[in-house]
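In the numbering used here, the protein residues as written are -12 to 290.
In this text, a Cβ means the ideal position worked out from N, Cα and C, and glycines have one as well.
Working notes for the structure below.
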């Protein structure tokens, strides 16, 4: 059964989940169109995994709804025909070999490309002849990733999928995400590893304490925030007043007698002209990392 071409891959409408007196997810509305690689950001405890369990139909929402390609998440049999899932902590059948686990997963999923699966086994350096009970955390994760990337599921739901992987395997993972996107598959990637999301996602949602704080493209998030400027001078700076009065300049500081640092929001022209008049010997301007942006959102919400 093919998904409806007019339906988004993921639709969450005023989704909420309460455990006793605790609101794990509150009034969460989000739409992920088909073919997008979407990053779902938040630290442990923000509600990411609870949201994913609601999307998978593993939990019943307290309020609102979740859909996968127009199919209610609660209709697990139909919804799961359209997706493959990799959890944060993979549990396998310890008495089966890796190959037998892959075969079993292929039999219950939405279809598997066997030749591509064999290629993925090589790329992830997985020994499929070993019993799953002897696998490390990373090797169990590899089995789930190979099974997911080998499917033709239109939606891949990945919840902290690289836990236990070494940096080389993380590079393989990122390449597989790009290949899945090129095939037209949708990827819903939950992570607190911001560099990972920055490398593969086109749009991100930031979850804080069960609420969606922001949804935007990476470039849009950066434009909402500052530039960090560092300038080395030929002689110690004395009067910083004119520079601090320029539009957009905040947090002007002097970590050394001949070095200035400042944060800048908005166009940099006025600041660059002022620094040029000061005969700057070295100038560094950088955009904040996604991690810094992420922490800013939390800090602003806390304030």
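- When C-alpha distances from residue 88 are compared across 44, 130, 273 and 255, the shortest belongs to 130.
- Here residue 271 is exposed, its C-beta having fewer than 16 other C-beta atoms within 10 Å.
- If you draw a straight line from the Cα of residue 72 to the Cα of residue 241, it comes to about 50 Å.
- With fewer than 16 neighbouring CB atoms inside 10 Å of its own CB, residue 16 falls in the exposed class.
- Along the length of the stretch 208 to 278, whole beta strand (DSSP E) runs at least 3 residues long occupy 214 to 219, 236 to 243, 246 to 251 and 269 to 273, reported in chain order.
- If you look at residue 133, you'll find it in the alpha helix (DSSP H) that goes 124 to 136.
- In this structure, DSSP gives residue 56 a state outside helix and strand, which the three-state scheme calls coil.
- With a beta-carbon spacing of about 5 Å, residue 24 and residue 188 fall inside the 8 Å limit used to define contacts.
- The Cβ-Cβ distance between residue 159 and residue 26 does not fall below 8 Å.
- Cα atoms of residue 139 and residue 1: separation of roughly 30 Å, rounded to the nearest angstrom.
- Sequence-distant partners of residue 111 (beyond 5 residues in either direction) whose C-beta falls short of 7 Å from its own C-beta, in its chain, are 129, 132, 133, 156 and 159.
- Cβ neighbours of residue 60 within its own chain (closer than 6 Å, five residues either side excluded): 42, 44, 53 and 66.
- The three-state secondary structure of residue 106, taken from DSSP, is helix.
- When C-alpha distances from residue 120 are compared across 169, 257 and 77, the shortest belongs to 77.
- Here the C-alpha atom of residue 218 lies approximately 42 Å from the C-alpha atom of residue 19.
- For residue 155, the enclosing alpha helix (DSSP H) stretches over residues 154 to 169.
- Per DSSP, residue 285 has no beta bridge partner at all.
- A direct Cα-Cα distance of roughly 39 Å separates residue 252 from residue -7.
- The secondary-structure analysis by DSSP pairs residue 9 across a beta bridge with 6.
- Comparing alpha carbon positions, the residue from 116, -4, -2 and 6 closest to residue 197 is 6.
- In the displayed model, residue 187 falls within a helix according to three-state DSSP.
- Between residue 220 and residue 245, the C-beta gap is smaller than 8 Å, which places the two residues in contact.
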